[in-house]
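One gets my numbering by counting positions in the sequence shown from 1 and adding 186 to each.
Virtual Cβ for every residue (Gly too), placed ideally from N, Cα, C.
This structure is a prediction, so every number in the text was calculated from the model and none was measured.
Comments concern the structure below.
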Amino acid sequence: MLDGSVLAIAQVGNTMVLGGDFTTVASKNGAQTYDRMRLVAFDATTGAISGSFAPTVNGSVNALVPGPVPGTVIVAGSFNTVNGTTGKRIVLLSLADGSIVNSWKAPATNGQTLDMKVSGDRLYVAGSFTTAGGAAHAGLLSLRYQTGALDPFVNTQVSVNHNWTSTCSRCAKAPTGIAAIDLTPDGSTLVAIGNFKVVDGLSRDHIVRLDLTGDSARVSTTWATNRYASTCNSRA
Numbered sequence: 187m188l189d190g191s192v193l194a195i196a197q198v199g200n201t202m203v204l205g206g207d208f209t210t211v212a213s214k215n216g217a218q219t220y221d222r223m224r225l226v227a228f229d230a231t232t233g234a235i236s237g238s239f240a241p242t243v244n245g246s247v248n249a250l251v252p253g254p255v256p257g258t259v260i261v262a263g264s265f266n267t268v269n270g271t272t273g274k275r276i277v278l279l280s281l282a283d284g285s286i287v288n289s290w291k292a293p294a295t296n297g298q299t300l301d302m303k304v305s306g307d308r309l310y311v312a313g314s315f316t317t318a319g320g321a322a323h324a325g326l327l328s329l330r331y332q333t334g335a336l337d338p339f340v341n342t343q344v345s346v347n348h349n350w351t352s353t354c355s356r357c358a359k360a361p362t363g364i365a366a367i368d369l370t371p372d373g374s375t376l377v378a379i380g381n382f383k384v385v386d387g388l389s390r391d392h393i394v395r396l397d398l399t400g401d402s403a404r405v406s407t408t409w410a411t412n413r414y415a416s417t418c419n420s421r422a
C-alpha cells in the first residue's frame, strides 16, 4: 500500500483480497503502481495484482469473507456507493471484474459494518448500526449466506455507550456497537466485543457471549465478566 491501511483480508480460491482505506498500491517489486480504491486482489502464488478487479467504493472496507459461489467476495464497511451505484455497506462482488452481483441483496444498515463471520448458511454481521432493512438490529444481525436476505435468527440489541456520558466533557464518544465477533468451530457460540454496556437488558461490559443452539440467538446467562466494567481512560 502506498497510502492508507489494510483493514481486512480474505482468500477466495487462489486469490487474495485486501480491503481498507487505501487508494494506491504497488506491484511486489515496486515497479508499477495501480489506483485501487479501498479494494485490491492479487494472485496468492505469484503476488501479481489483478488488472480486472478494480471496484471503487467511497468509504473504508472493514470486513471481507469469501462469497457463497466461487469467484465472489462479500465486502462490508462504511461505504454507501460501489462503482458509482448505491451500495448498502454490504455487497457481493465478482472477482472477475469487480462488478456487483445483483442477485445477492443485503438490507441497508444505518451505520458501518466492522466484522463478518460465516457459519453454515448464516452470515453474522457486526457494526455500529442500529437498524437493518428498517428494523431494529443494534450492533449485530444475521443474513442468509446464499442470498443476503435478512435472517430473523439474531435479534440481539446492544446499547449504552460504555465511556461517554453527557456530563463527562473529556470522555471519548465512540459509536455504540460491536467491533469484532468470532464463533466456536461448531457454530454453537458467538463472542462479541465492542462499545456497549447492555445487551438485551442484561449488563454486559464490552464483551458478550451468545448461545446459538436454539431457535434464536440468546445472551448466555451463565457467562459474564466485570473485568472490563471500569470506564476507559478519558484519552482513549
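Beta carbon of residue i nearer than 9 Å to that of residue j
{"i": "residue 327", "j": "residue 315", "result": "yes"}
{"i": "residue 391", "j": "residue 412", "result": "yes"}
{"i": "residue 339", "j": "residue 364", "result": "no"}
{"i": "residue 259", "j": "residue 268", "result": "no"}
{"i": "residue 182", "j": "residue 196", "result": "The first residue shown for the chain is 187 and the last is 422, placing residue 182 beyond what the model contains."}
{"i": "residue 325", "j": "residue 335", "result": "no"}
{"i": "residue 216", "j": "residue 242", "result": "no"}
{"i": "residue 265", "j": "residue 245", "result": "yes"}
{"i": "residue 228", "j": "residue 250", "result": "no"}
{"i": "residue 156", "j": "residue 341", "result": "The structure shown does not extend to residue 156, since the chain spans only 187 to 422, so no value can be given for it."}
{"i": "residue 293", "j": "residue 278", "result": "no"}
{"i": "residue 394", "j": "residue 344", "result": "yes"}
For residue i, three-class secondary structure by DSSP
{"i": "residue 189", "result": "coil"}
{"i": "residue 458", "result": "The first residue shown for the chain is 187 and the last is 422, placing residue 458 beyond what the model contains."}
{"i": "residue 361", "result": "coil"}
{"i": "residue 194", "result": "strand"}
{"i": "residue 424", "result": "Outside the shown range of the chain, which is 187 to 422, sits residue 424, and nothing can be said about it."}
{"i": "residue 263", "result": "strand"}
{"i": "residue 243", "result": "strand"}
{"i": "residue 406", "result": "coil"}
{"i": "residue 337", "result": "strand"}
{"i": "residue 390", "result": "coil"}
{"i": "residue 371", "result": "coil"}
{"i": "residue 324", "result": "coil"}
Bridge-paired residues (DSSP) for residue i
{"i": "residue 395", "result": "377"}
{"i": "residue 271", "result": "268"}
{"i": "residue 252", "result": "259"}
Contact test: residue i Cβ vs the ligand NAD heavy atom, cutoff 8 Å
{"i": "residue 209", "result": "By its list of ligands, the structure shown contains no ligand whatsoever, and the ligand NAD lies outside what it can speak to."}
For residue i, the first and last residue of its enclosing beta strand (DSSP E)
{"i": "residue 227", "result": "225-229"}
{"i": "residue 207", "result": "From DSSP, residue 207 is part of no beta strand (DSSP E); its letter is neither H nor E."}
{"i": "residue 414", "result": "Unbroken run through residue 414: none, as it is neither H nor E."}
{"i": "residue 221", "result": "219-221"}
{"i": "residue 311", "result": "308-313"}
Problem - Any 3 or more C-beta pairs closer than 8 Å across the region 224-238 and the region 296-308 - result: no
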